[in-house]
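Numbering (the numbering used here), first residue to last: 4 to 283. Just so it is clear, CB atoms sit at the ideal spot from N, CA and C, and this is done for glycine as well. Here's the structure, in structure tokens; my notes come after.
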Amino acid sequence: MNGIINLLKPPGMSSNGATVFLRKLLNEKRVGHAGTLDPGAAGVLVVLAGRSTRLSDFLMNHAKRYRAEIAFGKRTDTLDSYGKILEERPCSVSGERLMQAIPAFLGEIEQIPPDYSAVKIDGRPAYQLARKGVEVRKKARRVQIFGIDLLAQTGENRFLLEVSCSKGTYIRTLLEDIAKSMGEIAHTSFLMRTASGGFEIEEAYTADEIKAMAEAGDFSFVQSPEKALMELPEVRLEAKYHFALQNGQKIPYAAPEQRFRLYCEERLSSRLGFALSSSS
């Protein structure tokens, strides 16, 4: 099995659990995902199977889009509604006040990953250490926030936001930092990834749908690797280069240094790399 699955991950399923589910269902050892999604979050999880796992690093670099609800007045250890309440405080937050705070978080910002996250500390996920009460020092990382839109006020001191951002962005941290800048406390009460690169939530399949289709012998939910590469320019090579291409050898080709889709003998190559000039 070779291809890409746009999975609508439900809350409560970990990203690793999703890959285990599909590994068993597809009877394919090589299964991975292109960007962790919090266990408590729902939405688009791009899963790669077979040779398509080679595209993992490429797809992880794609921008993401989320819908998230920020709930003011309560802070938890996990920064979401699943964690232990650390503090509660009365507040009165308006949409206008929230909108005034948002511009400071657009563009390149620094984030410190939350204690409950998959970031590795000495080879171990931070959440494993946090569960044991181990305090760790985490390095700040730079991320890009392309846009934050206020969609609606969903309740008293609760607001639904849409966030477009780079890979590695922690929405839970972003919302907490916005609240801090306002002199308030808050947590993420709802989180859904609505897009990862070119994969949209409207085209995603639920785990139940995938299971039913696979049991019926219908694997149309597995998309071609080309779906992930359509943004790249196309280059077609002569058939004589097929062996060299499949074995990672250099190929004389005059082209600007950039990534592109390579076709040889009318087939998309599993190789994705930079062009080599005719002098290489």
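Q) Assuming Thr56 and Arg33 make a contact with CB atoms under 8 Å, what is their CB distance in whole Å? A) Yes, Thr56 and Arg33 are in contact; Cβ-Cβ is about 5 Å, under 8 Å.
Q: Measure the C-alpha to C-alpha separation of Leu275 and Ile7 and round it to an integer number of angstroms.
A: Reliability fails at Leu275, whose pLDDT of 43 lies under 50, so the model's placement of it is uncertain and the value that follows must be treated cautiously. Cα to Cα, Leu275 sits roughly 16 Å from Ile7.
Q. When you compare each of Arg196, Lys142, Arg140 and Asp118 to Gln131 by their alpha carbons, which one comes out closest?
A. It is Asp118 whose Cα lies nearest to the Cα of Gln131.
Q: Go ahead and label Met16 buried or exposed: buried means 16 or more other beta carbons lie within 10 angstroms of its beta carbon, across all protein chains shown.
A: It counts as buried.
Q: For the segment 164-181 and the segment 144-151, state whether three or more C-beta atom pairs, one from each stretch, are separated by less than 8 Å.
A: Yes, since at least three Cβ pairs between the segment 164-181 and the segment 144-151 fall closer than 8 Å, the two stretches touch.
Q: Could you pull out every residue in the same chain whose Cβ sits closer than 8 Å to the Cβ of Ile124, ignoring the five residues on either side in sequence?
A: Result list for Ile124: Leu132, Val139 and Lys141, in chain order.
Q.
I'd like to confirm the pairing. Which residues does DSSP put opposite Glu91 in its beta bridges?
A. The partner list for Glu91 (beta bridge, DSSP) reads Lys77.
Q.
On the criterion of 16 or more Cβ atoms from any shown chain inside 10 Å, does Pro228 qualify as buried, or is it exposed?
A. By the 10 Å Cβ count, Pro228 comes out buried.
Q) So does the segment 207-224 actually touch the segment 78-96, counting three or more Cβ pairs closer than 8 Å? A) No contact exists between the segment 207-224 and the segment 78-96.
**Q.** Which of helix, strand or coil DSSP assigns to Asn103
**A.** Inspection of the sequence shows that residue 103 is occupied by Gln rather than by Asn. Here Gln103 sits in helix by DSSP.
(Q) With three or more beta-carbon pairs closer than 8 Å as the criterion, would you say the segment 155-173 touches the segment 43-56? (A) Under the Cβ criterion (8 Å, minimum of three pairs), the segment 155-173 does not count as touching the segment 43-56.
(Q) For a quick check, are the C-beta atoms of Leu62 and Gly171 less than 9 Å apart? (A) Going by C-beta atoms, Leu62 is not nearer than 9 Å to Gly171.
Q. How is the alpha helix (DSSP H) around Thr182 delimited, first residue to last?
A. The amino acid occupying residue 182 in the given sequence is Ala; Thr does not appear at that position. Where Ala182 is concerned, the enclosing alpha helix (DSSP H) stretches over Ile174 to Ser184.
Q | Helix, strand or coil at Asn19 [DSSP, three-state] | A | In the displayed model, Asn19 falls within a helix according to three-state DSSP.
Q) For Ala44 versus Lys12, is the C-beta spacing smaller than 9 Å? A) Yes, the pair counts as a contact, with Cβ atoms nearer than the cut-off.
**Q.** Residues that Ala155 bridges to, as DSSP identifies them
**A.** Bridge partners of Ala155: Leu163.
Q) Ile112 bridges to which residues according to DSSP? A) Ile112 is bridged to Val146.
Q.
Tell me which residues share the same chain as Phe193 and place their Cβ nearer than 6 Å to its Cβ, disregarding the 5 neighbours each side in the sequence.
A. Cβ neighbours of Phe193 within its own chain (closer than 6 Å, five residues either side excluded): Glu72.
Q) Which first and last residues belong to the beta strand (DSSP E) in which Ala189 is found? A) Ala189 to Ser199 is the extent of the beta strand (DSSP E) around Ala189.
Q) With distances taken between CB atoms, is the gap from Ala217 to Phe224 smaller than 9 Å? A) In this structure, Ala217 places its C-beta atom within 9 Å of the C-beta atom of Phe224.
Q. Would Asn1 be called buried (16 or more neighbouring beta carbons within 10 Å of its own) or exposed?
A. Nothing can be reported for residue 1, as the shown portion of the chain is limited to 4 through 283.
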